[in-house]
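Q: Quick note, the sequences are listed as chains A and B, same order. In terms of full-length UniProt numbering, the first sequence is residues 1 to 304. In terms of full-length UniProt numbering, the second sequence is residues 1 to 425. Starting off with a structure, shown below.
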Amino acid sequence: MTQTHPDYQLSQLDQLEAESIHIFREVAAEFEKPVLMFSGGKDSIVMLRLAEKAFYPAKIPFPVLQVDTGFDFPEVLATRDSWVARLGVRLVVASVEEAIAKGIVVDDGKTSRNRLQIGTLLNAIEEEGFTAAFGGGRRDEEKARAKERVYSHRDDFGQWDPKNQRPELWSLYNGRIHGGEHMRIFPLSNWTELDIWHYIGQEQIEIPSIYFSHQRRVFQRDGMLLSESEHNPLKSGETVEERTVRFRTVGDLTLTGCVESTASTIDEIIDEIAVARVTERGATRGDDRFSEAAMEDRKKEGYF
Amino acid sequence: MNATPENHPGRSMDLLRFATAGSVDDGKSTLIGRLLLDSKAIFEDQLEAVEATSLSKGYDYTDLALLTDGLRSEREQGITIDVAYRYFATPNRKFIIADTPGHVQYTRNMVTGASTADLGLVLVDARQGLTEQSRRHAVILSLLRVPHLVLAVNKMDLVDYDETIYQEIYRDFTSFATKLNIPDLEVIPISALKGDNVVKRSENMPWYDGPSLMHHLEHVHVASDRDLVDARFPVQYVIRPKSDDFHDYRGYAGQLAGGVLKPGDEVVVLPSGMTSRIAAIDLFDKEIAEAFPPMSVTVRLEDDVDVSRGDMIARVKNAPTPSQDIDAMICWMTNEPLRPRQKLAIKHTTRTGRALIKDIQYRLDVNSLHRDQETGELGLNEIGRVQLRTTVPLLCDSYSKNRTTGSFILIDEATGVTVGAGMIN
């Protein structure tokens with residue numbers, strides 16, 4: 001038996017973990033068909049770990065949904081498969097390519113894959129009849145997220161109405177929905193980027209290798225370092241060179257930039273973030289940089 | 001430099017949740033902006049965006065309030081309409097701020113922000129002194145049993161750092177606070193704009209010998225605010241793996257709401273009243289020696305008693321009395337008023353049922369503390385004492401004893417919206 005707390009005090013990280021586990025169990029108890037939205041990024045992997053802990057020794061009682069943009073990093077898909085195999089959970093893949101082929105979303109050549117994910121995701125939720133979808137969003141990420149509830153209500157169209165949110169008090173979550181509606185659940189609401197990294201370190205969690213420093217052939221576009229790829233054709237004037245880099249977020253590889261870094265362990269990454277002067281999204285996500293309200297607009301449409 | 005617990009505090013630091021209250025004019029956004037900026041929780045790109053917006057609006061200063069106004073409609077209207085959560089950390093403590101607006105829908109949002117807070121921070125403008133609004137904020141924090149209160153007397157720079165002004169506000173507030181339940185009060189003279197007594201003690205106010213605001217937030221003792229005596233374990237979820245390795249495993253998962261549970265403890269399961277002993281307490285794949293709030297654990301019992309979600313595990317000689325007649329203070333949160341005979345859904349810990357409003361005894365005027373017994377109904381943002389009858393017995397304590405087992409929410413069954421928050425007397 002483990003006696004760990006002679007002073008009856010939990011560290012803030014253990015308090016966050018307890019809160020998130022509580023949320024996972026509430027949802028599993030009150031919703032008919034929950035699903036965990038898995039992007040392959042560190043936040044969604046932390047969610048998987050918390051879900052694993054919440055229901056142990058039983059298996060996670062809901063499937064995992066991934067939106068495959070067709071432009072995902074192979075390292076991320078490898079990590080996904082390793083987790084899914086170890087936990088024995090059902091994986092549902094909603095493919096943007098298929099959604100385009102079926103005419104569910106329209107690829108006009110100008111719209112980013114991240115944006116096409118919205119229609120693909122909402123279609124998958126509707127087709128499978130999911131009533132609650134866990135997302136890895138954190139309130140420290142972006143101004144629009146700071147006001148989002150842990151249980152975030154979505155209407156028939158999957159839209160978020162920021163002016164009409166339900167009050168959320170104590171740890172009493174209200175999961176009432178009508179037919180056709182669903183709830184987005186954010187169990188990591190109160191975690192910060194540093195908390196996520198500390199937890200990955202504490203729990204020795206397997207994450208995609210691209211988070212760690214590696215050699216990569218990259219080029220500059222709009223002030224970001226993008227990875228060379230068949231999905232990323234070079235424009236005139238762009239040249240490829242090899243740099244020592246790592247990714248701070250993972251997403252559509254045509255939009256997700258990397259940073260020059262030699263951080264090759266969790267502790268080195270934590271050191272790097274502790275002195276970083278730019279937010280993870282501001283540094284490396286093309287999709288959030290178009291307008292000050294970019295994230296809010298995408299969320300209203302039904303983005304993660 | 002390698003990460004160690006000393007220079008990377010995330011692993012060992014503790015947590016303080018605090019709620020801020022005050023209007024735009026009190027300088028609340030400026031103060032929060034400063035706390036975030038000085039603790040390096042604001043990044044360059046966020047600051048640059050705010051500087052650019054300030055410039056385009058023709059301001060000759062960087063409006064730190066822009067950092068915290070999150071939604072586009074708020075930025076357009078220049079007001080804060082909802083509770084926003086912000087995060088920062090110092091070497092030994094992480095802080096979660098529930099930032100609540102001053103004016104619009106103030107009560108609903110303040111009650112929401114205060115419900116999870118260990119500490120409430122009320123701002124007053126030194127030039128205005130104590131206003132109706134600051135009294136109202138203190139009343140709400142006291143009703144929500146937020147154990148620590150800080151009154152920050154802001155804009156001291158605009159009154160020449162005059163001690164007599166601070167003393168006057170101090171006296172006014174403490175005499176008002178005697179009518180409230182505020183176990184711990186600190187009154188700090190500050191200037192959010194100039195930084196006096198925000199992070200460092202101010203040289204402009206040598207007459208003040210108390211802590212700076214940041215120092216107080218970092219050191220206020222919150223660990224003993226929890227009830228470690230009265231064991232309360234609401235069962236959330238029953239874990240039955242039915243796998244070969246864990247064939248007979250049956251665990252009751254939940255988050256401790258009070259007290260300490262240990263293997264071997266004799267316990268009672270409510271509402272059935274069946275007794276058993278704790279066989280083991282699991283935290284993921286480890287058996288632990290004891291569980292205490294706010295741990296999320298899984299409890300196994302020695303006997304095969306019937307336990308399901310909504311039940312509560314407590315001690316045989318220290319358990320709440322199941323009750324269907326509830327006397328509570330209710331904050332009403334929707335436009336259509338609350339009236340007697342109304343039927344609503346109720347959620348209390350992990351238990352859900354229906355409730356009938358039997359009587360609205362009085363409406364509390366949160367400015368004067370006057371009890372209006374003639375009201376007959378509660379409107380949006382009003383607080384009153386209400387009698388309810390529930391379809392299922394609630395396994396509850398008084399809110400003053402336990403903020404988890406003493407609280408509930410009311411839900412409109414037609415719309416599904418949370419319409420009321422209750423604190424059991």
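The beta-carbon is built from N, C-alpha and C at its ideal position, and this holds for glycine as well. Nothing here was measured: the structure is a model prediction, and the numbers come from that model.
Chain A beta carbons: is any one of them nearer than 8 angstroms to that of B/V187?
A: Your numbering for residue 187 of chain B matches position 187 in the second sequence. Not closer than 8 angstroms to any Cβ of chain A, the Cβ of B/V187 fails to qualify, so no.
Q: With H, G and I counted as helix, E and B as strand and the rest as coil, what does DSSP make of B/E186?
A: Residue 186 of chain B sits at position 186 when you count from the first residue of the second sequence. If DSSP states are grouped into helix, strand and coil, B/E186 belongs with the strands.
Q: Per the DSSP calculation, A/G135 is bridged to which residue(s)?
A: In the first sequence, counting from the first residue as 1, residue 135 of chain A sits at position 135. In the DSSP output, where bridge partners are listed per residue, A/G135 has none listed.
Q: Where does A/Q12 sit, in a helix, a strand or coil, going by DSSP?
A: Along the first sequence, one-based indexing puts residue 12 of chain A at 12. A/Q12 falls in the helix class under three-state DSSP.
Q: Pick helix, strand or coil for A/S209, following the three-state DSSP scheme.
A: For the purposes of this step, residue 209 of chain A is identified with residue 209 of the first sequence, where counting begins at 1. A/S209: helix per DSSP, three-state reduction.
Q: Counting contacts by CB-CB distance shorter than 8 angstroms, is A/L121 in contact with chain B?
A: The residue given as residue 121 of chain A occupies position 121 in the first sequence. Chain B, which has no Cβ nearer than 8 angstroms to the Cβ of A/L121, makes this no.
Q: Would you mind reading off the limits of the beta strand (DSSP E) that contains A/I60?
A: Taking the first sequence and counting its residues from 1, one reaches residue 60 of chain A at position 60. Looking at the DSSP string, A/I60 is not in any beta strand (DSSP E), and its letter there is neither H nor E.
Q: Can you give, in chain order, each stretch of the alpha helix (DSSP H) that sits fully within the stretch 296 to 345 of chain B and has at least 4 residues?
A: Complete alpha helix (DSSP H) runs here, min 4: none at all.
Q: Could you check which residue in A/S112, A/I21, A/W191, A/V106 has the C-alpha nearest to that of B/R86?
A: Position 86 of the second sequence holds residue 86 of chain B. Among A/S112, A/I21, A/W191, A/V106, the Cα nearest to that of B/R86 belongs to A/W191.
Q: If you draw a straight line from the alpha carbon of A/A94 to that of B/K179, how long is it in whole angstroms?
A: For this step, residue 94 of chain A is matched to residue 94 along the first sequence. For this step, residue 179 of chain B is matched to residue 179 along the second sequence. Cα to Cα, A/A94 sits roughly 59 angstroms from B/K179.
Q: For residue 314 of chain A, count neighbouring Cβ atoms within 10 angstroms of its own Cβ and tell me buried if that reaches 16, exposed if not.
A: Nothing about residue 314 of chain A can be read from this structure; chain A reaches only from 1 to 304.
Q: Report yes or no: is there a C-beta of chain E within less than 8 angstroms of the C-beta of A/R139?
A: Absence of chain E from the displayed structure is noted, the protein chains being A and B.
Q: When the distance is taken between beta carbons, is B/T131 closer than 8 angstroms to B/V366?
A: In the second sequence, the residue the question calls residue 366 of chain B occupies position 366. In the second sequence, the residue the question calls residue 131 of chain B occupies position 131. For B/V366 and B/T131, no; Cβs fall outside 8 angstroms.
Q: Identify the continuous alpha helix (DSSP H) that holds A/H5 and give its terminal residues.
A: Locating residue 5 of chain A in the first sequence gives position 5, counting from the first residue. Run containing A/H5: none; DSSP gives neither H nor E here.
Q: Excluding five sequence neighbours on each side, which residues of the same chain lie with their C-beta closer than 8 angstroms to the C-beta of A/S152?
A: Here the question's residue 152 of chain A lines up with position 152 in the first sequence. Hits under 8 angstroms: W160, Q165, M183, R184, I185, F186.
Q: With a threshold of 8 angstroms between beta-carbons, can A/Q15 be considered close to chain B, or not?
A: Here the question's residue 15 of chain A lines up with position 15 in the first sequence. Yes, A/Q15 lies at the interface with chain B (some Cβ there is under 8 angstroms from its Cβ).
Q: Identify every run of the alpha helix (DSSP H) within the stretch 182 to 260 of chain B, keeping only runs that are complete inside it and at least 4 residues long; order them along the chain.
A: Those alpha helix (DSSP H) runs which fall completely within the stretch 182 to 260 of chain B and span 4+ residues are 213 to 219.
Q: Between the C-alpha atoms of B/R315 and B/L270, what's the straight-line distance to the nearest angstrom?
A: In the second sequence, residue 315 of chain B corresponds to position 315, counting from 1. In the second sequence, residue 270 of chain B corresponds to position 270, counting from 1. In a straight line, the C-alpha of B/R315 is about 10 angstroms away from that of B/L270.
Q: Tell me which residues of the stretch 90 to 103 of chain B have at least one Cβ-Cβ distance to chain A shorter than 7 angstroms, keeping chain order.
A: If the cut-off is 7 angstroms between Cβ atoms, the stretch 90 to 103 of chain B has K94, I96 near chain A.
Q: Does B/G58 come out as helix, strand or coil in the three-state DSSP assignment?
A: Against the second sequence, residue 58 of chain B aligns to sequence position 58. The answer is coil: DSSP assigns B/G58 none of H, G, I, E or B.
Q: Can you grab the Cα-Cα spacing for the pair A/R139 / A/I21, in whole Å?
A: Indexing the first sequence from 1 puts residue 139 of chain A at position 139. Indexing the first sequence from 1 puts residue 21 of chain A at position 21. Rounded to whole angstroms, A/R139 to A/I21 spans 18 angstroms at the Cα level.
Q: Is there contact here, the stretch 309 to 323 of chain B with the stretch 392 to 404 of chain B, by at least three beta-carbon pairs under 8 angstroms?
A: They touch, by the three-pair rule.
Q: In three-state terms, what does DSSP make of A/D81?
A: As a position in the first sequence, residue 81 of chain A is number 81, starting the count at 1. Correct three-state label for A/D81: helix.
Q: If you run the structure through DSSP and keep just helix, strand and coil, what is B/M13?
A: For the purposes of this step, residue 13 of chain B is taken as residue 13 along the second sequence, with counting starting at 1. Coil.
Q: How long is the line joining the alpha carbons of A/L13 and B/T164, rounded to whole angstroms?
A: As a working note, residue 13 of chain A is residue 13 in the first sequence. As a working note, residue 164 of chain B is residue 164 in the second sequence. Taking the straight line joining both Cα atoms gives about 44 angstroms.
Q: Check each residue of the stretch 20 to 33 of chain A: if its Cβ is closer than 7 angstroms to any Cβ of chain B, include it; give the result in chain order.
A: So the list reads I21, H22, R25, E26, A28, A29, given in the order they occur along the chain.
Q: How many angstroms separate the CA atom of B/V235 from the CA atom of B/T390?
A: Against the second sequence, residue 235 of chain B aligns to sequence position 235. Against the second sequence, residue 390 of chain B aligns to sequence position 390. Cα-Cα distance, rounded: 19 angstroms.
Q: Determine, using beta carbons only, whether B/V146 and B/L119 come nearer to each other than 8 angstroms.
A: Counting from one through the second sequence, the residue named residue 146 of chain B turns up at place 146. Counting from one through the second sequence, the residue named residue 119 of chain B turns up at place 119. In this structure, B/L119 lies closer than 8 angstroms to B/V146 by Cβ.
Q: In chain order, what residues of the same chain lie with their CB nearer than 6 angstroms to the CB of B/E290, ignoring the 5 residues before and after it?
A: Counted from its first residue, the second sequence places residue 290 of chain B at position 290. Cβ neighbours of B/E290 beyond the five flanking positions: V260, K262.
Q: At the level of alpha carbons, what is the spacing between A/R142 and B/I239?
A: As a working note, residue 142 of chain A is residue 142 in the first sequence. As a working note, residue 239 of chain B is residue 239 in the second sequence. Here the sequence assigns Glu to residue 142 of chain A, which means Arg is not the residue at that position. One C-alpha to the other measures close to 36 angstroms.
Q: Specify the secondary structure class of B/K94 as computed by DSSP and reduced to three states.
A: The sequence position of residue 94 of chain B within the second sequence is 94, counting from 1. Of the three classes helix, strand and coil, the one that applies to B/K94 here is strand, per DSSP.
Q: Nearest chain A C-beta to B/D82 closer than 8 angstroms, yes or no?
A: Taking the first residue of the second sequence as position 1, residue 82 of chain B is located at position 82. Closer than 8 angstroms to some Cβ of chain A, the Cβ of B/D82 qualifies, so yes.
Q: Does B/V366 have its Cβ less than 8 angstroms from a Cβ in chain A?
A: Working through the second sequence from its first residue, we reach residue 366 of chain B at position 366. No, B/V366 lies away from the interface with chain A (no Cβ there is under 8 angstroms from its Cβ).
Q: Do B/Y229 and B/W332 have their CB atoms nearer than 8 angstroms?
A: Against the second sequence, residue 229 of chain B aligns to sequence position 229. Against the second sequence, residue 332 of chain B aligns to sequence position 332. According to the sequence displayed, residue 229 of chain B carries Val and not Tyr. Cβ distance not < 8 angstroms, so B/V229 and B/W332 don't count as in contact.
Q: If distances are taken between C-alpha atoms only, which option among B/R201, B/A414, B/L35, B/R93 comes closest to B/V220?
A: For the purposes of this step, residue 220 of chain B is taken as residue 220 along the second sequence, with counting starting at 1. The shortest Cα separation from B/V220 among B/R201, B/A414, B/L35, B/R93 belongs to B/R93.
Q: Could you spell out where the beta strand (DSSP E) holding A/R248 opens and where it closes?
A: Taking the first residue of the first sequence as position 1, residue 248 of chain A is located at position 248. From DSSP, A/R248 is part of no beta strand (DSSP E); its letter is neither H nor E.
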